[in-house]
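Below is one structure; the comments refer to it alone.
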Amino acid sequence: MTIDFRHNQSAHCENGSTANLLRYYGIDINESLAFGIGSGLFFAYLPFIRINHIPVTSFRPMPGMIFKRTAQTLGVKVFQKKFRDREASMAALDAALAQKTPVGLQVGVFHLAYFPRPYRFHFNAHNLVVYGKENGRYLISDPVMETAESLNYDELMRVRWARGMFEPRGHMYYPAKIPSRIDLPAAIVKGIRRNCREMLSIPLPFFGVRGIRYVAGQVKKWPDKLGEKRASLYLGNFIRMQEEIGTGGGGFRFIYAAFLQEAAKALNNPRLRELSQEMTAIGDRWREFAAIGGRIIKKRNNEQESYEAMSAILAEIADREQHLFGALKKSVS
Amino acid sequence: MKREQVPQDDENLLEGKTREVCYAVDEKGDYVQVLSSGWEPKNTALIQAWEQIDEEAKEALAQIKAGHASPLAFYMARCMFDIKLLSAYTAIPKRKIKAHLNPENFRKLDAATLEKYAEAFSISKEELICCPDVTAALPRGKQDEPVHGYSRHNGDA
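Keeping their order, the protein sequence lines are chains H and E.
Note that our numbering has the first sequence beginning at 32, numbered continuously upward.
Note that our numbering has the second sequence beginning at 7, numbered continuously upward.
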């Protein structure tokens, strides 16, 4: 049994699942809109929480937030469920599919058979959509894959019950009720305002623009504080978080710039298109930051390409993003 | 980033299974999705992460060879499991896993327990028991052809 579901590849799994599910119900939305309405742009650096002895860096809000906020902001009611029992989670999936409902799932990638092996870490907040079952295989639209995939019962159950941080516990979700009228411009404004707030106004030094500035202050101390080897591992981890599959490049800055173009059209506000250009330029700076970092890791950097130089780029990015989100806030008020 | 600047630095980290979507602007300044097969700095960072894992796996191997650790130590390093995570996957208490890291205790394990460990690591029981080879460290790109350059790709797929 198959549902007529269109697989659209996206940069990021959560935006992609969100957009693909909503589009199935006739809401005309793409990845960047889903990302912007869900206020997906973020920055967090948590020096006191470490994974593999390296501080946590994130360019996005907590897993699940983008879908939740996008749906809420558009007025879509969402069905969500986590389970205690493995078989029950699969039975619930089968029941939904039998009703011809495509289902979003949170899964771990470590045991995800079709995923490229070098990317299979213990990361449990990956999202995909199951849109049918044929000859015992579940048909899967994984937003980061170019083509549709499939998994058998055991393979799918296994990734739905991945363990560790962000355990999915069979988490499944789908839009349950779509409002008769969608007010896209209002949703866009709401998404932008919330994003400005999160980038500018969280009163802790680890989040948003303040977080970027904080890391700028840290990066230049890394070589002396940590030694060359560990400093380079910190750098590598930071770059991975910034550029890993799903960010669309530049730590989501380019997706957000694409969103601002869409917003400019939807709100008929040319100022947003200018700000999109500014965001693109900032994204390019993030890319330059990563390029220097890559060369430092490979020990192929020249004299100007130092931790100091990287720190200076981050400080500049923090200033520019502060300016951009300030201007953005004004442009929609 | 402009459309024509989207990098295509393929180092087989996606194993030919997919390409990833990047966002870039076209000649008119409009955003479009462009597929990329990789970008050198991010490849470098990912390879670095695997080299680190490789190093830890090799250290574990040395411990095993010296008789200080059981093969469990190697597979935990290679598959990035700490005791807590392995316990969550296998439902074997942490205290017991710690004991099983001792080669003497490991040798006495029953088939059912070995099976649980093997399943978590996605390997066979036989692979788990026989002392792993250093070339078996990390995933490689494709099953048959050796991938250029990176030692971490060599060995068992």
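Every residue, glycine too, gets a C-beta built ideally from N, C-alpha and C.
Glu-21 of chain E and Arg-148 of chain H have their C-alpha atoms roughly 8 angstroms apart.
Burial is judged here by how many other beta carbons sit within 10 angstroms of a residue's own beta carbon; Lys-164 of chain H has at least 16 and is buried.
By the neighbour-count criterion, in which 16 or more other beta carbons inside 10 Å mark a residue as buried, Tyr-95 of chain E falls on the buried side. Leu-345 of chain H is a Cβ neighbour of Ala-247 of chain H, given a cutoff of 7 angstroms. Neighbours of Glu-65 of chain E in chain H, taken as residues whose beta carbon is under 8 angstroms from its own, are absent, since the nearest beta carbon is some 14 angstroms off.
Between Ser-364 of chain H and Asn-226 of chain H, the C-beta gap is not smaller than 7 angstroms, which leaves the two residues out of contact. Met-203 of chain H sits in a strand when the DSSP states are folded into three classes. Contact between Met-310 of chain H and Tyr-338 of chain H fails: their C-beta atoms lie close to 26 angstroms from each other, not under 8 angstroms. Annotation: Gly-248 of chain H is outside any beta strand (DSSP E); the continuous alpha helix (DSSP H) that includes it extends over 239 to 250. Nearest neighbour of Ile-82 of chain H by Cα position, chosen from H:Tyr-265, H:Arg-351, H:Phe-290, turns out to be H:Tyr-265. With its beta carbon less than 7 angstroms from one in chain H, Met-86 of chain E belongs to the interface. Among the residues of chain H, none has a CB under 8 angstroms from the CB of Ala-72 of chain E; the nearest is roughly 24 angstroms distant.
When C-beta distances to chain E are compared with 8 angstroms, the residues of the segment 312 to 325 of chain H below that value are Gly-314, Asp-315, Arg-318, Ala-321, Ala-322, Gly-324, Gly-325, in chain order. Look at the segment 166 to 177 of chain H: the residues with a C-beta under 7 angstroms from a C-beta of chain E are Val-175, Met-176, Glu-177.
Residue pairing of Tyr-169 of chain H in beta bridges, as defined by DSSP: H:Lys-164, H:Leu-182. Here Lys-256 of chain H carries a helix assignment [DSSP, helix/strand/coil].
Assigned with DSSP and collapsed to three states, Ala-63 of chain E falls in helix. In this structure the segment 100 to 110 of chain H does not lie against the segment 72 to 87 of chain H, because fewer than three pairs of beta carbons, one per stretch, are closer than 8 angstroms.
Closest in alpha carbon position to Ile-60 of chain H, among H:Gly-279, H:Glu-336, H:Asp-214, H:Leu-235, is H:Asp-214. Chain E places a beta carbon closer than 7 angstroms to that of Glu-274 of chain H, counting this residue as a contact.
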